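Here's the structure, in structure tokens; my notes come after.
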Amino acid sequence: MWLVWCSVCEEAAAQRTNMPPKKKTKKTPKKKPERSENDLETKYRRSVLDIAILQDHIAFQCESVIKVQSDRVDLRRRMRETEQKLQHERQDYRDVNSDLSRQYKTMQTELTNRGKRLEKEVSQLKEELVLCQEELRKEKREREQVEEEKDAIIADLQHKLDNMETDYEKILHETLDSLTAQLSVARQGREEKSTTLHQNYKELLSEFGLNALDI
């Protein structure tokens, strides 16, 4: 419809520029006053002027319509391009959102599995810690028991050593006393024997007429 209207507008503009003057129809000459002829000519010129103005207005309207139609076509093209771009951006957004959702789910699954593994490891470590603490207490008790036994053995050995020292000291004193007595007896016997020998020697010298002091 717009194309038909524009075509009409273009034809009207062409006719305005190339429009030949209207031919006067031959009429039966009548005798009219000169004033009536002037009025008709004035009306005719006014009508031609009105037609020219109307044609100019129609041409301007046609140009406006053509421009609006061109702008409308350009606007529709830009809208289609914008819609396509928007559609691509929406698709990219959906793709990115889908990829992010997938990554988030993957990370969430990994974190959940890792959390479960860590909980399991913590539970195992707690059990091992309890066992280690129990073994440590057991070793501590055993070490204390060994220390007590060692202290008891050392105390017993020290007691035995003290008793042995006392016994050795007693035996030593008894031995020294016995040796002293034996030496005293031996010295006394040796002195008596020496005295007897000396006396016998003096008597022997006297028998030979010798004096022991002179010798």
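Each residue of the sequence shown is one higher than the one before, starting from 1 at the first, in UniProt numbering.
From the three backbone atoms N, C-alpha and C, an ideal C-beta is built for every residue, glycine too.
All of these numbers come straight from a predicted model, not from anything done at the bench.
With a threshold of 16 other CB atoms inside 10 Å of the CB of residue i, please say whether the residue is buried or exposed.
i: C62; result: buried
i: K27; result: No answer about K27 holds up, because its pLDDT of 45 lies below 50 and its placement is not dependable.
i: S206; result: exposed
Short of 7 Å in beta carbon distance, which residues of its chain neighbour residue i, apart from the five on each side in sequence? Order them along the chain.
i: S64; result: none
Identify, in the order they occur along the chain, each residue of the same chain with its Cβ nearer than 8 Å to the Cβ of residue i, setting aside the five sequence neighbours on each side.
i: H198; result: none
i: E134; result: none
i: C132; result: none
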